[in-house]
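Counting from 244, one number per residue, gives the positions in the sequence shown under my numbering.
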Amino acid sequence: MNTKENAQFVSILVVDDSKADRLANIIECKRIFGKLPGIDLQIEESATLENAFQKASENTFHIILLDKDLGIDQNGKKISGIDHIQSFKTLQPHTQIFMVTADERYEEIVAAMKLGAYDYFLKSEDPVKIEYRTVMLGRAFEKSIEELKQAMSKSTKAGLYSEFVSHAPVMQMLDQKLKAIAESSKPVLILGASGLGKGATARRINKFRAEFLGQSSRSFVNINIGAMSDALAQSELFGQDAYSFTGSGSKVKPGLLDIARGGDIFLDEVGDASSEMQSKLLKVIEEKQFLRVGGRQPIQTNARFIFATNKKMRELVKSGKFREDLYMRMQAFEIEIPSLEERKEDLPAIIESCLRNSLVDVNHKKISINDFPEDLMRYLMRDNIPGNIRGIENDIIKLVSFIPMDSQGKPIMKEWKNILGASALVRRTRSKITLDDFLSADIELVGPSFPGYKKAQEIFEKKLIEEILEKTGNMVTAAKHLKIAKSTLSVKMKHLNIKTPKEIRRDDSRAN
């Protein structure tokens, strides 16, 4: 199942003035990495330091095999690879350098490693030495990959909600579709409102793709194009060449496309991409290669693209704001995430997932979803939650951060309304009854709790107006529904101290 298109990319640079020694090292690398399944090995060779520095400034190398003795310069002076270790590390901080030597002079090996070499590579046919080289090259590659991932981690962090919950029938159907999509390497476009879990869906595709190819793990990186400037987005995605930096000590900055080789790259908010970014994305998809910012040398990529947006893409294309040719390339597979209203069955599991992840930063608190009272669950599962799952996340983060604990270490959940500023909304999220239910109910009208005719009328009017305003969202529609003039509604609202929809939205925004 492992094909070159989906293989793990390994890049090695061999630097040696001797053609025979370069060939021997290349054969050795092919022998070592050729044993491993699913490896796409790329080896470059250089006979001179000048050529090696040129290649190191234009490509990302996981490993450099640098010969200690590189001949003689124009002045008859010996060229030592040891003297240039730091220059290579400046260009590529995450590459692992092996000093290749024919002897084992301890002081030279120590000097090389102090200057940044990962280890030494002894020219020997001794079986023990060959086995050592095999082990150390594998470890060096893993170390390079890990350092590259850590360097880019600021761009690839997921939110609290990264689990894919699929209890609802519509989500089970989507899950089956994702499995089918994972059998292809074509681009995917995920559509849906903000906060519905497009990132979790992309990770689900990544998981299914790894399973389909028999991979134990698969690279996954993501970038939110809409959250950064165009220049920064291009730098993060494509990386920067040494030529694009000013001053001394310039170095290659790898991009997310370097990290994503043999894996998946998730581009969120692609609908906000600039025209320049759109052109570059189209080129990458069509040609499977890219240029770093300021770069001159095309770099190959086999990453699978997963795009997402909350925009109406067809409208953007129609208005000329988004390239139609790119849109057609992106939507080899197009899927839409169902709204939360379509998947109510998933909400308890989503809430539990957000709670579990938010407790990581406050592990001294022991809070379970079983501690949540019914009115809190109704509040978190209400219709039209601002921000969807992200809104639930935000509420739970506040709750976990500020909820007081009793002497037994249990949360005092009665404080949740004050913490979330939710008193008004809680009243609006109680179970609804029809007007017929209200009229047929056995209401206590005689007794000390009855406020009198005028007050009862005001209470009913206020409830009626608030409910209709909530449903309609504006005063004009509400007045039409009530069959009264807007001016009459405005007078009644002022008399009954009822907030306008705009005031309610502003208060909710401040609470969040």
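C-beta atoms are modelled at their ideal positions from N, C-alpha and C, and glycine is treated no differently.
Every value quoted in this text rests on a predicted model; they were computed, and no experiment measured them.
Please work out which residues of its chain come closer than 6 Å, Cβ to Cβ, to residue i, disregarding the five sequence neighbours upstream and downstream, and give them in chain order.
i: Asp259; result: Arg265 and Asp310
i: Ser367; result: none
i: Val343; result: Leu308, Asp310 and Phe364
i: Asp206; result: What is shown of the chain runs 244 to 755, which leaves residue 206 out entirely.
i: Arg566; result: Gln521
i: Leu432; result: Phe550, Met573, Gln574 and Glu577
i: Pro581; result: Val413
Which residue from the options puts its Cα closest to that of residue i?
i: Glu530; options: Pro581, Ile508 and Arg572; result: Arg572
i: Glu588; options: Ala411, Pro336 and Val253; result: Ala411
i: Val413; options: Glu579, Met736 and Ser733; result: Glu579
i: Val536; options: Ala476, Val560, Ile593 and Lys564; result: Ala476
i: Ile352; options: Thr333, Gly630, Asp326 and Ile373; result: Asp326
i: Lys726; options: Gly664, Ile269 and Leu707; result: Leu707
i: Leu622; options: Asn613, Ile635, Gly630 and Ser582; result: What sits at residue 622 in the sequence shown is Tyr, not Leu. Here the closest residue by C-alpha is Ile635.
i: Ala423; options: Ser650, Ala575, His738 and Met624; result: Ala575
i: Ala345; options: Ser733, Met736, Ser261 and Ser650; result: Ser261
i: Lys735; options: Glu701, Ile711 and Glu746; result: Glu701
i: Leu761; options: Glu709, Ala354, Lys714 and Leu417; result: Absent from the model: residue 761. The displayed extent of the chain is 244 to 755, so no value can be given.
i: Ile639; options: Gln651, Pro591, Ser650 and Gly652; result: Pro591
i: Leu569; options: Leu583, Lys526, Gln543 and Cys597; result: Lys526
i: Gly442; options: Pro430, Phe463 and Ala453; result: Phe463
i: Arg586; options: Leu712, Gln415, Ile711 and Lys737; result: Gln415
i: Asp418; options: Thr444, Ala354 and Asn613; result: Thr444
i: Trp659; options: Met620, Ile628 and Ser650; result: Met620
i: His305; options: Val253, Phe276, Tyr696 and Ser409; result: Val253
i: Arg274; options: Ser650, Phe533 and Ile373; result: Ile373
i: Phe407; options: Ser472, Ala436, Gly440 and Phe384; result: Gly440
i: Ile628; options: Glu584, Gln651 and Met648; result: Glu584
i: Arg195; options: Ala436, Glu350 and Pro430; result: Nothing about residue 195 can be read from this structure; the chain reaches only from 244 to 755.
i: Thr303; options: Met624, Glu746, Ala470 and Phe384; result: Phe384
When the Cα atoms are used, what is the spatial distance from residue i to residue j?
i: Val513; j: Lys320; result: 55 Å
i: Ser562; j: Lys523; result: 20 Å
i: Glu617; j: Leu421; result: 34 Å
i: Leu510; j: Lys357; result: 40 Å
i: Arg446; j: Ala722; result: 47 Å
i: Ser611; j: Lys705; result: 37 Å
i: Ser518; j: Ile286; result: 35 Å
i: Gly482; j: Lys496; result: 5 Å
i: Glu389; j: Asp626; result: 43 Å
i: Pro577; j: Cys272; result: It should be noted that the sequence gives Glu, not Pro, for residue 577. Approximately 41 Å, taken between the alpha carbons.
i: Asp316; j: Asp515; result: 53 Å
i: Arg382; j: Val257; result: 18 Å
i: Ser493; j: Ala299; result: Low per-residue confidence applies at Ser493: pLDDT is 48, beneath 50, and the placement is therefore not dependable enough to give any value.
i: Ala212; j: Lys609; result: In this structure the chain extends from 244 to 755, so residue 212 is not present and cannot be described.
i: Ala267; j: Met556; result: 54 Å
i: Pro654; j: Glu595; result: 16 Å
i: Gln297; j: Leu559; result: 42 Å
i: Ser398; j: Leu732; result: With a pLDDT of 41 at Ser398, under the threshold of 50, the modelled position of this residue cannot be trusted; read the value that follows with caution. Distance between the alpha carbons of Ser398 and Leu732 is about 50 Å.
i: Pro541; j: Thr333; result: 21 Å
i: Ala360; j: Arg376; result: 14 Å
i: Leu313; j: Ser460; result: 39 Å
i: Gln335; j: Lys386; result: 14 Å
i: Leu712; j: Lys698; result: 21 Å
i: Gln543; j: Arg348; result: 39 Å
i: Ala474; j: Asp484; result: 14 Å
i: Val371; j: Ile270; result: 18 Å
i: Asp369; j: Lys450; result: 42 Å
i: Lys742; j: Gly695; result: 25 Å
i: Met471; j: Ala436; result: 19 Å
Apart from the five residues just before and just after residue i, which ones in its own chain have a Cβ nearer than 7 Å to its Cβ?
i: Ala716; result: The question names Ala, yet the displayed sequence has Gly at residue 716. Same-chain partners within the cutoff: Pro744.
i: Leu480; result: Ile466, Gly498, Leu499 and Leu500
i: Gly438; result: Gly630, Asn631, Ile632, Arg633 and Gly634
i: Leu403; result: Any reading at Leu403 needs caution, since the residue's pLDDT is 42, under 50, leaving its predicted position unreliable; the model's value is listed next. Counting only Cβ-Cβ distances below 7 Å, and skipping sequence neighbours, we find Cys597, Asn600, Ser601 and Glu636.
i: Ala355; result: Ile325, Ile328, Met342 and Tyr363
Within the 8 Å Cβ cut-off, does residue i reach chain D?
i: Gly435; result: Absence of chain D from the displayed structure is noted, only one protein chain being present.
Suppose the cutoff is 8 Å on Cβ atoms and the five residues either side in sequence are ignored; what does the same chain contact list for residue i look like?
i: Ile662; result: Lys641, Leu642, Phe645 and Ile646
i: Val786; result: Because the chain spans 244 through 755 in this model, residue 786 falls outside it and cannot be assessed.
i: Met244; result: With a pLDDT of 44 at Met244, under the threshold of 50, the modelled position of that residue is not reliable, and no figure is offered here.
i: Asp614; result: Lys653, Pro654 and Met656
i: Ser330; result: Phe296
Taking only runs of the beta strand (DSSP E) that begin and end inside the segment 469-529, which ones reach a length of at least 3 residues, in chain order?
-> 507-511
Entirely enclosed alpha helix (DSSP H) segments - the segment 332-389, minimum 4 residues = 349-357
Do the segment 496-506 and the segment 549-557 touch if we need at least three Cβ pairs shorter than 8 Å?
-> no
Every unbroken beta strand (DSSP E) within the segment 277-307, with a cutoff of 3 residues, ordered by chain | 282-289
Residue ranges of each beta strand (DSSP E) within the segment 563-638, 3 or longer | 576-579
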